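Visitor: Residue numbers (the numbering used here): -6 to 101. Even glycine gets a Cβ: it sits at the ideal position worked out from N, Cα and C. Everything numeric in this text was worked out from a predicted model, so none of it was measured.
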């Protein structure tokens, strides 16, 4: 966020996602560590809440291993929940009841 933009205004770059509906706490935040390091290197100052997320789930975070395991579990759960794909065989064209071709001549 640019300091001059409103709080809910335009974002310069999305550095990750946070989904509070994910049941496993360690899988809720997914951050792009390289871009975070870039922005911190050029002088960006994260808010206190974002600083905590970076400390926990950043590339060198304290919960990095737990997050990786939680994301793997989440991916496995989502794979299991997907409904099976049923392939439908194409029907053979029914040629016995063909529609007559449309008239090209116009009646007056």
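Looking only at C-alpha atoms, which of 34, 50 and 8 sits nearest to residue 19?
Guide: Start at 1 with the first residue of the chain shown, and residue 19 comes out as number 26. The shortest Cα separation from residue 19 among 34, 50 and 8 belongs to 50.
Visitor: Around the Cβ of residue 8, are there at least 16 other Cβ atoms within 10 angstroms (buried) or fewer (exposed)?
Guide: The count along the chain shown starts at 1 and reaches residue 8 at position 15. Classification for residue 8: buried.
Visitor: By a C-beta neighbour count over all protein chains shown, 10 Å radius and 16 as the cutoff for buried, is residue 24 buried or exposed?
Guide: By one-based count along the chain shown, residue 24 stands at place 31. Buried, because 16 or more other Cβ atoms sit within 10 Å of the Cβ of residue 24.
Visitor: What's the gap between the Cα of residue -1 and the Cα of residue 37?
Guide: Indexing the chain shown from 1 puts residue -1 at position 6. Indexing the chain shown from 1 puts residue 37 at position 44. So the alpha carbons of these two residues sit roughly 17 Å apart.
Visitor: Evaluate residue 27 with the Cβ neighbour count: other Cβ atoms within 10 Å of its Cβ, from every protein chain shown; 16 or more gives buried, anything less gives exposed.
Guide: In the chain shown, the residue the question calls residue 27 occupies position 34. Label assigned to residue 27: exposed.
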